[in-house]
Amino acid sequence: MAILLATSSKPTLIGTGAKDTLYGDSGKNLLSGLGGADTLSGGAGADTLIGGMGADVLHGGAGNDVFKYAAFREIGDSLAVNFDRIVDFSAGDRIDFSALAARSFIGEADFTGTAGEMRISRTFFAGGNTALEIDSDGDGEADAVLQLDGALNLTELIPGSGILVLAENMTRQGDAGNNTLAGGAGKDTLSGLAGHDLLNGGDGSDSLDGGAGDDTLVGGYSADTLTGGAGNDTFRFASLEELRGDSITDFSLGDRLDLSGLGLQFIGEGEFTRTPGEVCFSSTSGVDGKLTVSLSIDPDGDGYSYGQLTLTGVRALAETVKGSGILVAVADKTLSGTTASESLAGDAGWDTINGQAGNDTLAGNGGNDRLDGGTGNDLLTGGSGADTLTGGAGNDTFRYISLDDLGTNLSSSGSDRITDFANGDLISFSAIAGLKWIGDAVFHRVAGEMRTTYSDYSLTGPVTTVEIDTDGNGYADKILQLDGKIALDETAANSRILRFVTGKTVNGTTGADTLIGSLGNDTIDGRSGNDSISAGEGNDVITGGAGADTMSGGNGADSFVFRNADLSIPAVQDQITDFMSGTDKIDLSQIDANTALAGDQAFTLLMSGAAFTGTAGQLRLVTGIGTPVIEGDVNGDKIADFKITASIYYPTSSDFIL
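Have a look at this one:
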């Protein structure tokens, strides 16, 4: 046994006839093992390797290498154990049998009983390796076999030459029978036509079309395009590398996606939970109307996809048996109830469920479902997917069991939508621990905060959005959209159940308060202190109380109420920031305009710019630099006893309740 190393001055190495190890260098080497079970490594360069007798292991290395045989018996002595193995046969390499007089390469066909036939077999070795079988004596049985690592396809360099090379960019077509077609390392096109065919693309970005029949398609490595054709087809993947970037163009009912060899955990539609080996899907409908599912895999549990498989023609997947790794397409359902109170449930498809009359319980489960409760007090649970929920008449409850039920992303098409949330309806998040309702306040970077925001500019009109910051980064991670601008509040503190709010009653303290209303018709009283009041939308009633208060009514017909006890020296002025003449009201009816007379007297509004005349109970508007000021004289001394700053320039008597 010898270990020999080639050099630039000694590029040729000859073994001893024992079990030798020969190493080439970066040049063009000739390595010959002679007898014995040798290991030959060519290294870089275009090398020639001759194993000789015995079961040899041959590494060509980089470069276009030649593996040369002078006799079939050099391949090995036994079919069971002792055979040559080429570890790295690749594009540009050659297996040279040209020195053999009787040899004939027949591809993947069966032996015909002719001596010297050589054929490719993909079933001899386990693990997907390729076997070159040789019938040296013409008895129709293999007498010797050469192992080539990998799923390879060979062809003759020139027909009849006896020199085999890696087949690349092949176009192969079956017939009406049950064909087995294999590609090579290139960009191959395989068409099975009729029959139950097995197509294996091998390496390279291949295009496989099973045609009619129940076919099995194996894309192999690189990004392949797979079309099953008519019939119940199986798309099989033996590794994540084979799946990554592949596209199935016509996955449909009856087809199967075989991931059973990958040891993955199918979690349906949604997002990764940072558990190693998870596989999930998301569905979309493209601009061309085609339905598409993207299958994503997280092998190491970091929450990120290793690679995606795209399936066109389907929008929902399910596992045949939990843990089987066999996925199938799911049909959409259309379910309708009756006048009775019923429970109706969809599955992983995009289901349409109508409860009709009665107090119904509707569950969409997976998929982008459309649920309509109809009349009655209904319970609607959309489940995972971006669902459209309509409660209908009655006091309905929209229930969420997990955050995944809210949808897959923050877009309007990727999140749930409630179309008709109204007074008496509820949104229940009570099953989801860790959520905290903060109204319409800004996020405080606390995980689990839940709030509302509003928009007037969506494509469907005004929208109310429930936002949830799941991780405490200050941004929404999940949303729920409600048609219209709707005021929401919890039914009780920490209940995580939201109700429709028609209006709030908010009272301040003796201090300087900041008071905020809702979208409803609110009643707000600042009481004493220099308060800041923002009523929001709705027809609100706002009382600043004692102190210098700043009041904003927001949209709606608001009333700003002033009382005797609230008025102080003119230097301490209340301010109305957004008075809308003709819509809002300044209510002075609780102030006695003439303190010299018994009873409660009403004010008299002077013309804009007019001065007090010395008559008690006059009200005037002073304009000039800055915001106009409303002044009132209650004792007739021509001096203002109170002042209110308000953005009102052309008041009329209809703007006041005097």
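Numbering-wise, UniProt numbering puts 254 at position 254 of the sequence shown, and it's gapless, one number per residue.
A virtual CB, placed ideally from N, CA and C, is assigned to each residue, including glycine.
Which residues in the same chain have their Cβ closer than 6 Å to the Cβ of residue i, if we skip the five residues on either side of it in sequence?
i	result
residue 177	195
residue 472	445, 446, 447
residue 612	618, 633, 638
Is it true that the CB of residue j sits closer than 8 Å to the CB of residue i?
i	j	result
residue 482	residue 429	no
residue 592	residue 601	yes
residue 419	residue 390	yes
residue 364	residue 346	yes
residue 610	residue 634	no
residue 380	residue 403	no
residue 83	residue 144	yes
residue 307	residue 226	no
residue 528	residue 550	no
For residue i, which residues does DSSP report across the bridge?
i	result
residue 328	256, 318
residue 59	41
residue 210	Answer is none; residue 210 lacks a bridge partner.
residue 180	198
residue 133	119, 145
residue 155	165
residue 354	336, 372
residue 659	No answer is possible for residue 659: it lies beyond the span of the chain, which begins at 1 and ends at 658.
residue 68	96
residue 552	534
residue 13	31
residue 450	437, 468
residue 23	5, 41
residue 398	380, 427
residue 411	DSSP lists no partner for residue 411.
residue 574	644
Could you tell me if residue i is buried or exposed, where buried requires 16 or more neighbouring beta carbons within 10 angstroms of its beta carbon?
i	result
residue 427	buried
residue 283	buried
residue 400	buried
residue 141	exposed
residue 112	exposed
residue 290	exposed
residue 110	exposed
residue 445	exposed
residue 543	buried
residue 3	exposed
residue 373	buried
residue 442	exposed
residue 147	buried
residue 623	exposed
Please list, in chain order, all residues of the same chain as residue i whose beta carbon is under 7 Å from its beta carbon, the five residues on each side excluded.
i	result
residue 103	97, 116, 118, 162
residue 303	272, 274
residue 37	19, 54, 55, 56
residue 168	91, 184, 185, 186
residue 555	537
residue 300	276
residue 205	187, 222, 223, 224
Between residue i and residue j, what straight-line distance do the alpha-carbon atoms span, to the nearest angstrom?
i	j	result
residue 215	residue 165	28 Å
residue 33	residue 93	19 Å
residue 121	residue 136	16 Å
residue 355	residue 406	21 Å
residue 368	residue 384	8 Å
residue 417	residue 388	5 Å
residue 348	residue 191	32 Å
residue 625	residue 631	16 Å
residue 659	residue 18	In the structure as shown, the chain starts at 1 and stops at 658, and residue 659 therefore has no counterpart that could be examined.
residue 114	residue 66	26 Å
residue 574	residue 548	5 Å
residue 450	residue 437	5 Å
residue 553	residue 329	55 Å
residue 663	residue 541	Nothing about residue 663 can be reported from this structure: the residues present for the chain run from 1 to 658 only.
residue 180	residue 278	32 Å
residue 357	residue 398	17 Å
residue 488	residue 494	14 Å
residue 193	residue 251	17 Å
residue 618	residue 603	6 Å
residue 341	residue 522	37 Å
residue 524	residue 470	33 Å
residue 295	residue 486	37 Å
residue 12	residue 128	34 Å
residue 491	residue 499	6 Å
Cutting at 8 Å between CB atoms, please list the residues of its own chain near residue i, excluding the five before and the five after it.
i	result
residue 457	none
residue 434	447, 448
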